[in-house]
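Protein chains in written order, with our numbering: chain U, 1 to 475; chain R, 1001 to 1322; chain E, 2001 to 2309.
Backbone N, C-alpha and C define an ideal beta-carbon position, used for all residues, glycine too.
Note that this is a predicted model, so its numbers are computed, not measured.
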Amino acid sequence: MSEHESVPIVTLTDAAKHFGPVRALDGVSLSVRPGDCLGLVGHNGAGKSTLVYLVNGGFAPSAGEISFSGADDAAGAGVRSVFQELSLCPNLTVAENLRISNRALTGAGWRRNARAIITESLDEIFPGHGIDPDTEVDMLPIAERQMVEIAIGFAPRGTEARLVILDEPTSSLDAGIAEQLLTHIKSYCAAGGAVIFISHMLGEVFQVASRIIVLKDGRIVAERATEDFTRQGLVEAMGHVAAEGSAGTDLAERQTGEIVIRTEQGLTARKGEIVGLSGLAGHGQAEALAKLYLSQSSNWRAGHEPKSVFVAGDRPRDGILPLWSILNNMSISFLRQIESWGFVDRAAERAKAEEWKKRIGIRTEDITNPVLSLSGGNQQKVLFARALASTAPVVIMDDPMRGVDVGTKQDVYAMIRDEAAHGRTFMWYSTETEEVCQCDRVFVFRNGEISAELVPPNITEERILEASFHMQEAS
Amino acid sequence: MSTQSASRTPLAVLISRPWIWSWAAAALAFAATLGLTSGRGAGELAYAALSFGAFAAIVGMGQMLVITLGPGNIDLSVPATMTLAATLALRTMGTEPGTALYGLVIALAVGFCVGIANFALIFLLRLPPIIATLAASLIYQSIAIWSNRGLRIKPPEGLAEFATGRFLGVPNVAWVALVLAILVWVLLERLTWGRWLLATGQNQRAARLAGVPVEAVRAVTYVSVAIFAALAGYLLASFSGGAALNMGTEYLLMSIAVVVIGGCSVAGGDSNVPGVWGAALFMFLVVSMLNSYGTGAGVRNVLTGTIIICIVIAASTRRARQ
Amino acid sequence: MSFFSRYRILLPVISLAVLLAATFYMQPRAMSYFGLNLLFNLAVPIALATIAQMMILMVNDIDLSIGAFVSLVACVTATFLNDAPLLGLLILAALILAYAAMGAVIDALELPAIVVTLGMSFVWGGLALFILPSPGGAAPGWLRTLMTVKPPLMPMAVVASILIAFVTHMLIIRSGFGTVLRGVGGNARAISRAGLSVTRLKAWAYGLAGFFGVLAGMALVGLTTAADANIALRYTLLSIAGVILGGGEFTGGKVSPTGAVIGALTLTLAASFLSFLRLSPDWQIGSQGAILILVLTARLIFSRKGDAA
């Protein structure tokens, strides 16, 4: 803490980032000074990752300004980021990975230097780590990879690190190692470094952060010194204003049948039930659903009566068949139900698709148009129609409302309720808590496991947030 | 990206068909060749193009099915399969008259076994198809060499007559290839199975999540390409008076080239039966055109390679624009 | 973590040692300077071509044109380089640049390497035919001398193999540049996130492949003294097999130059060994395929054990 304390490393003035009509970040002003440790919290879609990408120079802002002290860009200002998803080269050794981001390592002795630098950094952050810098990264367990990535983030790479952004750095570390990291962050900041710390472990945030920023819907809704927050207050700040409407109570009265799904992980669903999956994104919900669907269908044969159907939310990866028409995209799930001798009954296919086009309201003149001619929301409707047009008794939905407008959402909610009343079972993962609150039962996921099972009247945003964030002390 | 306009002229519709290009190129090469002889020999040239194009079309359609499965799917054992099937079939028939059907069964059985073996390597050893079919093809080649023993066994007379004969002025082998083309077209356009194949090729994960039994689709496709290659080998040996060990060599590159030139997507999920036929004719006609203009084999190959690369680049930039 | 997956080089070394021991057992006379020279005579160009293929596999692509390319280089060497050395060198340099350009185009336009290299194999083959329509030409004298030199202690083929392995090991495994190149195969996103151009790096990898392809063609002519347009077509398959036998993977940038050279030696030796076995030459090609499948099966078993442990 010396004379340069007052000069911020990075300053955002009214910075905004829009993706088409989506305002991912909507005017954020923020400055990070040497010695700051900023805790960044917010629920799914609050704009945390967008903010990170603005600060580290990954995105240019759509509006507003970003300035770095003493340099033109993030890299020159010593801004580093350590991501949740691993950005190491698995085929290279620990020391060699440092070479990728540190071009100053040249000459005959670069290998020795790299080894020394990375070992020093690891020793400093994680004393007694036991990682050999000559091991290939894919030989390391996931926790050690994460440690290497953090160590590379703090290591000198030609320039010194002045601001390190850590996005869920402790997600795969055990408590002892995480504690070492938190201790290091504190001493690093005390020595004049700066850190932006993102975590779902609120205990950790309270432990290291000097200041906490709460993001919601692309805006900063609270920014205070850590000691001015209580845990409960923090959770409340992240949440929405209580949702209106009484859908939850309506559903609670409904009769549901016998149990039709039971997984090893603990997911259960009854006939005619709408089961919600919630929690922070990336905590194992999508994997659990994909695994459930794959176990209910086969790589080798497809019967006339499928057990379940899947509605993808990640459309390009899991759902849309991009070369095809709307018609073919829709009918792929029910071809077996309308074929004769292996031939597609094209009249029946067309009739069924037209019927669903009307029921679900896909905006197109002609269902033989290419599916990519539709907007994202309408593409999603095609995927809904694909699933609902099949006779399968279980519908598995992996966050299917991404990029869908409000009107469509209401239509789809109504349709789901209607189908459930006719005995269909829905497994519904959503990143939007409002949607989950309309379910008959909710499983909240944290770190790939079910952390809570909620039934009415306990299905509230507050309960879900509590179960999504780790509330205990980190130590 | 906007919705395509509903009203387009027939010409625009025709031009938008990817297969039209290979047929136009074939027609151009045909015209250019005849230009030199001022129109004489048109019938002979067309006849030869149909005869030789038929073999390329048969192996090309097989390769097309595999390439349709998506990136990384390819069968490099086509030449070895052709040679092996032809060698074993001709040896079994041993020039005895009346054994043509028996030989055909042997050839198709060889194709079936080869396909199963290829897919077993791909599925069980989790090898990339390119390596699995490459390694396996070396073995098939050895079996063919061993069973052939340097002898050139002639096909039974009746079979040879059929393979070189014509019906309604069109070579019999072209009829066979045409029937196969119709079968493949029906498979792809009308059967549930074809839909599954096309879905798998566009996005295997999405297809699986839509309920398509993707491994079964892949298995059947790898067996199909081998059967197509075996049939082409059987016909080619009957056509050319016996099986030769190098008879399949040129069909490796040929089978892939006709798929690419025929307008199928190398990225999978999009196949194009008429285009493959057009490309097969084009490949023959370009050779005869260059021959009649007196260019050597070298220039011919350079041009062929350049054409393939230009088409891949054109296809990719078209994709990027969309 | 199994022993074999940690020391990936062990499996190729053991395969070569076993095969060599079996050869010596069958044919004790092969255990001599002269015998070894005979056994490994043709290994040098194959090893160089294998290194070239390795450069491409290293960046997650595959090269189906290397055989035709080596043939073309052989034709250029036996004609231009012999008659007009300066022009010959210029042509060879242009060929290397063409390879680098091919890599840049493949990456920049996201083309499938398999199809582009297939098309290029027509082009190389056509050029070779154009230069040398019928077998012929002559090896430059200095090249002939170089390839038939008799160093003390070990035959030329063995010395050259060790040299190739050493140089490429230093280049690809030890140097910082080689490390970045391998990183492209491992995680191209991490490379571009670190501010490096993947297209430029791929051009380098392809350029290096072209360079070693040129060396392979020259070495081949030095040994055979003449060239023809089809002289090295089988190198395409051999080179892929050699990289895999040497412990390289198809994807993920996991390659080993030493392993690749050992793989090439193993393949060369396998052919001689089979003739010692008095196995009919019919089975020579097939046995290469079988060895490839066996090695891959062995590797699969070891890696499964590694996963289980």
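* Using a Cβ cut-off of 8 angstroms, pull out every chain E residue sitting near R:G1296, in sequence order please. => Close to R:G1296, with beta-carbon spacing below 8 angstroms, are these residues of chain E in chain order: L2129, F2130 and P2133.
* Asked: In the structure shown, what three-state DSSP assignment does E:S2071 receive?
  -> Annotated three-state conformation of E:S2071 is helix, per DSSP.
* Asked: What alpha helix (DSSP H) runs, 4 residues minimum, are completely inside the segment 133-219 of chain U?
  -> Taking only runs of at least 4 residues, the alpha helix (DSSP H) segments lying wholly in the segment 133-219 of chain U are 142-154, 175-190 and 202-208.
* Asked: Would you say R:T1192 reaches chain U, if we count a Cβ-Cβ gap shorter than 8 angstroms as a contact?
  -> Taking 8 angstroms as the threshold, the shortest C-beta distance from R:T1192 to chain U falls below it.
* Exposed or buried, U:G257, counting other C-beta atoms within 10 Å across all chains shown (16 or more means buried)? -> By the 10 Å Cβ count, U:G257 comes out exposed.
* Sequence ranges, alpha helix (DSSP H) only - wholly within the segment 45-76 of chain U, length at least 4 -> As far as the segment 45-76 of chain U is concerned, its whole alpha helix (DSSP H) runs of at least 4 residues are 48-55.
* **Under 8 angstroms from the C-beta of U:Y429: neighbouring residues of chain R** => Listed along chain R is no residue with a C-beta nearer than 8 angstroms to that of U:Y429; the closest approach is about 14 angstroms.
* **Status (buried if at least 16 other CB within 10 Å, exposed otherwise) for R:A1314** => Classification of R:A1314: exposed, given that the 10 Å Cβ count is below 16.
* Would U:E435 be called buried (16 or more neighbouring beta carbons within 10 Å of its own) or exposed? -> U:E435 should be labelled buried.
* chain E contact for R:S1142 (CB, 8 angstroms cutoff) -> Yes, R:S1142 lies at the interface with chain E (some Cβ there is under 8 angstroms from its Cβ).
* To do: Would you mind listing the alpha helix (DSSP H) stretches within the segment 1241-1285 of chain R that are 4+ residues and don't spill past its ends, in chain order?
  => Counting only runs of 4 or more residues that sit fully inside the segment 1241-1285 of chain R, the alpha helix (DSSP H) segments are 1249-1261, in chain order.
* Any chain R beta carbon closer than 8 angstroms to E:V2059 -> Cβ-Cβ to chain R under 8 angstroms: no for E:V2059.
* **Contacts of U:E96 in chain E (Cβ-Cβ under 7 angstroms)** => Result: T2179.
* Starting from U:E449, follow its DSSP beta bridges and name the residues at the other end. => Paired residue(s): U:R446.
* Going by CA-CA distance only, name the one from R:V1223, R:V1259 and R:L1245 that's closest to R:F1112. => Ranking the options by Cα distance to R:F1112, first place goes to R:V1223.
* Contact belief for U:G511 with U:E462 at Cβ below 8 angstroms, rounded distance in angstroms -> With chain U covering only 1 through 475, there is no way to say anything about residue 511 of chain U.
* Asked: Do you know offhand how far R:G1263's Cα is from R:N1272's?
  -> About 7 angstroms.
* **Within 8 angstroms, strictly: CB atoms of R:A1100 and R:L1151** => It is not a contact, given that the beta carbons lie outside the stated cut-off.
* Asked: Interface residues of chain C around R:A1216 at Cβ under 9 angstroms?
  -> The structure shown contains no chain C; the protein chains it does contain are U, R and E.
* To do: Check whether the segment 1051-1058 of chain R touches the segment 1229-1237 of chain R, counting contact only when three or more Cβ pairs, one atom from each stretch, lie closer than 8 angstroms.
  => Segments in contact, yes.
* DSSP state of U:D250, grouped into three classes? -> Its pLDDT being 47, under 50, U:D250 is placed unreliably in this model, and the value from its coordinates should be taken loosely. U:D250 falls in the helix class under three-state DSSP.
* To do: Using the Cα positions of U:K216 and R:G1278, report the straight-line distance between them to the nearest angstrom.
  => So the two alpha carbons sit approximately 59 angstroms from each other.
* Considering only residues of the segment 1046-1096 of chain R, which uninterrupted alpha helix (DSSP H) runs meet the minimum length of 4 residues and lie entirely inside it, listed in chain order? -> Listed in chain order, the complete alpha helix (DSSP H) runs (minimum 4 residues) inside the segment 1046-1096 of chain R are 1078-1093.
* is_contact[U:G20, chain E] using C-beta, thresh 8 angstroms -> Among the residues facing chain E, U:G20 is not included, as its CB has no counterpart in that chain under 8 angstroms away.
* Give a yes or no on whether the minimum CB-CB distance between R:P1071 and chain E is below 8 angstroms. => When Cβ-Cβ separations below 8 angstroms define contact, R:P1071 makes contact with chain E.
* Identify each residue in the segment 1207-1237 of chain R for which the Cβ-Cβ distance to at least one residue of chain U is less than 8 angstroms, and report them in chain order. => Cβ contacts with chain U: A1207, R1208, L1209, A1210, G1211, V1212, P1213, V1214, E1215 and A1216.
* Asked: What are the residues that DSSP puts in a beta bridge with U:V260?
  -> DSSP output for U:V260 lists no bridge partner at all.
* Identify each residue in the segment 1263-1286 of chain R for which the Cβ-Cβ distance to at least one residue of chain E is less than 7 angstroms, and report them in chain order. => From the segment 1263-1286 of chain R, only V1266 have a Cβ closer than 7 angstroms to chain E.
* The alpha helix (DSSP H) with E:A2216 in it runs from where to where? -> Per DSSP, E:A2216 belongs to the alpha helix (DSSP H) from V2198 to T2224.
* Beta-carbon of E:I2191 versus every beta-carbon of chain U: anything under 8 angstroms? -> By this cut-off, E:I2191 is an interface position.
* Asked: What whole-angstrom Cβ distance do E:W2142 and R:S1142 have, given they're in contact under 8 angstroms?
  -> In this structure E:W2142 is not in contact with R:S1142, their Cβ atoms being roughly 39 angstroms apart against a cut-off of 8 angstroms.
* Cut-off 7 angstroms between Cβ atoms - residues of its own chain near E:V2013, not counting five sequence neighbours on either side -> If we look at E:V2013 and ignore the five residues flanking it on each side, its Cβ neighbours are I2262.
* Assigned exposure category for U:A108 - 16 Cβ within 10 Å defines buried -> Flag for U:A108 reads exposed.
* What's the gap between the Cα of E:I2106 and the Cα of E:S2197? -> Each residue's alpha carbon lies about 14 angstroms from the other.
* To do: Check the Cβ-Cβ distances between U:R99 and every residue of chain E, and say whether any is below 8 angstroms.
  => At a cut-off of 8 angstroms between C-beta atoms, U:R99 counts as an interface residue with respect to chain E.
* **Cβ neighbours of E:P2045 in the same chain (closer than 6 angstroms, five flanking residues each side left out)** => Beyond the five residues adjoining it in sequence on each side, E:P2045 comes within less than 6 angstroms, by CB distance, of A2216, A2219 and L2220 in the same chain, given in chain order.
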